[in-house]
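So this is what it looks like as structure tokens:
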């Protein structure tokens, strides 16, 4: 491969990851539109997104790897892992994220969810029984400062977002941390398409017992139909494909850094389209949290590159 080919591949990888991350951020804002303008419930949108995307992903996997799609159910340890991932990982991260959006806005929910890499870093440090490195401590301090600014605007006596918004945002970060670390062995054995496909389908089926897909709340319109289709097709399937495809051309660490455009896309679209108030303090807090990704991208702990686990951080 000559230099021009390498340059083209690198550019292609960068375009793909920017596309995928932007679509994730945009889909969060589209979900906010459905919740706050059309009266949709997060429960209905989560169950529909999981079921439809799960079926489509497994259909793709069945076409490419017809013999592998059922193999995950032949090992009792894999069965336990996929059930755990589906409920405490996939379903939990989807619902807490959408709930945080409903209680606040897509920008705030997405930024709070980006606390996950810091949680992962702290967990791995404790697991390996060592003290955090200087970079990890700096990331933790920046994350705490960013969260403080984002939720209080610098006034410790009041919250700029509701208590429920803060709860669901932090719960989303915890769920994302679990979602990132738990399926490591499953992904190594079966690949992301099969694992995520089953994770979404099982999560959707389980959640259907709590909120059946036919239990609809809201107001249908052409815009609402387009928004749901966008979240399923562009915010899930195309974003998922673009992100994973980018890993063929650039490193996982690079994709993780470029994926920081996700909260920025959510913030800009929320401000321009839905007229969400996002002041200077909000931007400073968001920058503090996002900067932790840049810091942690150079840190490796306990044989696991924290940022390279972003490869498993798909479909948000």
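Numbering (this note's numbering), first residue to last: 122 to 437.
All residues carry an ideal CB built from backbone N, CA and C; glycine is no exception.
The three-state secondary structure of residue 383, taken from DSSP, is helix. In the three-state DSSP reduction, residue 342 falls in the coil class, being neither helix nor strand.
Look at residue 274 here: in three-state DSSP terms it is coil, with no helix or strand label. Per the Cβ contact rule, the stretch 396 to 404 is not in contact with the stretch 165 to 179 (fewer than 3 Cβ pairs under 8 Å).
Closest in alpha carbon position to residue 415, among 264, 137, 173, 186, is 264. Put simply, of 156, 315, 160, 252 the residue whose alpha carbon is nearest the alpha carbon of residue 187 is 315. Within the stretch 208 to 257, the runs of alpha helix (DSSP H) at least 4 residues long that lie entirely inside it are, in chain order, 213 to 224, 227 to 234, 237 to 248. In the same chain as residue 231, and ignoring 5 residues on each side of it, the C-beta atoms closer than 7 Å to its own belong to 146, 149, 383, 384, 387, in chain order. The stretch 128 to 138 and the stretch 171 to 190 do not touch, with fewer than 3 CB-CB distances between them shorter than 8 Å.
CA-to-CA, the gap between residue 144 and residue 361 works out to about 9 Å.
Where residue 300 is concerned, the enclosing alpha helix (DSSP H) starts and stops at 284 to 302.
Under the three-state reduction of DSSP output, residue 348 falls in the helix class. Taking all protein chains in view, the Cβ of residue 198 is surrounded by fewer than 16 other Cβ atoms within 10 Å, so the residue is classified as exposed.
Counting only residues of its own chain and dropping the five nearest sequence neighbours on each side, residue 293 has a CB closer than 6 Å to the CB of 217, 218, 221, 234. Assignment of residue 398 by DSSP, reduced to helix, strand and coil, places it in the coil class. The alpha carbon of residue 413 has as its nearest neighbour, out of 193, 251, 268, 281, the alpha carbon of 268. Within its own chain, the residues whose Cβ lies closer than 7 Å to the Cβ of residue 260, once the five positions on either side in sequence are excluded, are 239, 242, 413, 416, 417, listed in chain order. Counting other Cβ atoms within 10 Å of its Cβ, residue 323 reaches 16 or more and is therefore classed as buried. Residues 150, 154 of the same chain have their beta carbon placed closer than 8 Å to that of residue 394, with the five preceding and five following residues left out of the count.
Excluding five sequence positions before and after residue 196, none of the CB atoms of its chain fall closer than 8 Å to its own CB.
Note that the stretch 280 to 290 does not touch the stretch 198 to 207; fewer than 3 beta-carbon pairs, one per stretch, sit closer than 8 Å. When the five nearest sequence neighbours on each side are left out, the beta carbons in the same chain lying within less than 7 Å of the beta carbon of residue 285 are those of 224, in order along the chain.
Counting along the chain, residue 185 sits inside the alpha helix (DSSP H) bounded by residues 163 to 185.
Rounded to whole angstroms, the gap between the alpha carbons of residue 336 and residue 327 is 15 Å. In this chain, the alpha helix (DSSP H) harbouring residue 201 covers 197 to 205.
Rounded to the nearest whole angstrom, the C-alpha separation of residue 369 and residue 301 is 20 Å.
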